[in-house]
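In UniProt numbering, the protein residues as written are 1 to 203.
Laid out in structure tokens, this is it:
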């Protein structure tokens with residue numbers, strides 16, 4: 001196997017920047033061979049250097065694979081957290097929508113409460129008017145009853161007074177043998193209880 005083929009194989013396998021330093025020795029060896037600066041070289045030494053470089057590259061490759069594995073695991077953890085974050089964002093969005101619905105419902109309830117308060121104020125005003133009307137009606141009823149009582153009392157007094165006058169007139173007529181004076185009764189009591197002719201017929 002030629003050294004150029006070995007170089008091409010290693011050059012294909014190695015693609016990370018961390019391996020550039022390891023290729024320096026190989027490039028130097030290839031340059032020496034191609035430029036023929038020396039006629040003879042120790043092939044064993046060359047192979048040994050190549051093997052050492054190959055081991056270093058393998059170790060570097062393992063380290064890079066470990067880093068890749070760690071990075072993949074870290075990415076998996078980050079992806080898990082990212083999914084959790086998206087879930088929390090969706091929950092937050094849903095909660096915000098629910099909060100907006102609650103605010104909208106609260107605004108509607110405040111409007112309804114304002115309407116109810118207006119109706120309550122109107123009802124209280126109507127109740128006050130009804131109470132005033134009821135008080136006025138009660139006063140009128142009481143006044144009417146008092147007026148009726150006064151009229152009844154006056155009428156009773158008037159009847160009693162007429163009866164007393166009749167008795168006095170009867171006594172006076174018997175003693176004086178004179179008819180009773182009708183004009184006095186009409187002046188004192190304009191309302192007639194009994195006809196005067198019936199009273200005169202008794203004498």
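Just so it is clear, CB atoms sit at the ideal spot from N, CA and C, and this is done for glycine as well.
Buried or exposed: residue i, going by 16 or more other Cβ atoms within 10 Å of its Cβ?
i	result
residue 57	buried
residue 147	exposed
residue 168	exposed
residue 200	In this predicted model, residue 200 has a pLDDT of only 47, less than 50, meaning its place in the structure is not dependable; the value taken from the coordinates is given anyway. The residue is exposed, with fewer than 16 neighbouring Cβ atoms inside 10 Å.
Within the same chain, show all residues whose beta-carbon is closer than 6 Å to that of residue i, passing over the 5 residues directly before and after it, in chain order.
i	result
residue 110	none
Examine the ligand MG and report whether any of its heavy atoms sits within less than 7 Å of the Cβ of residue i.
i	result
residue 97	The ligand content of the structure shown is nil, which means the ligand MG is not present either.
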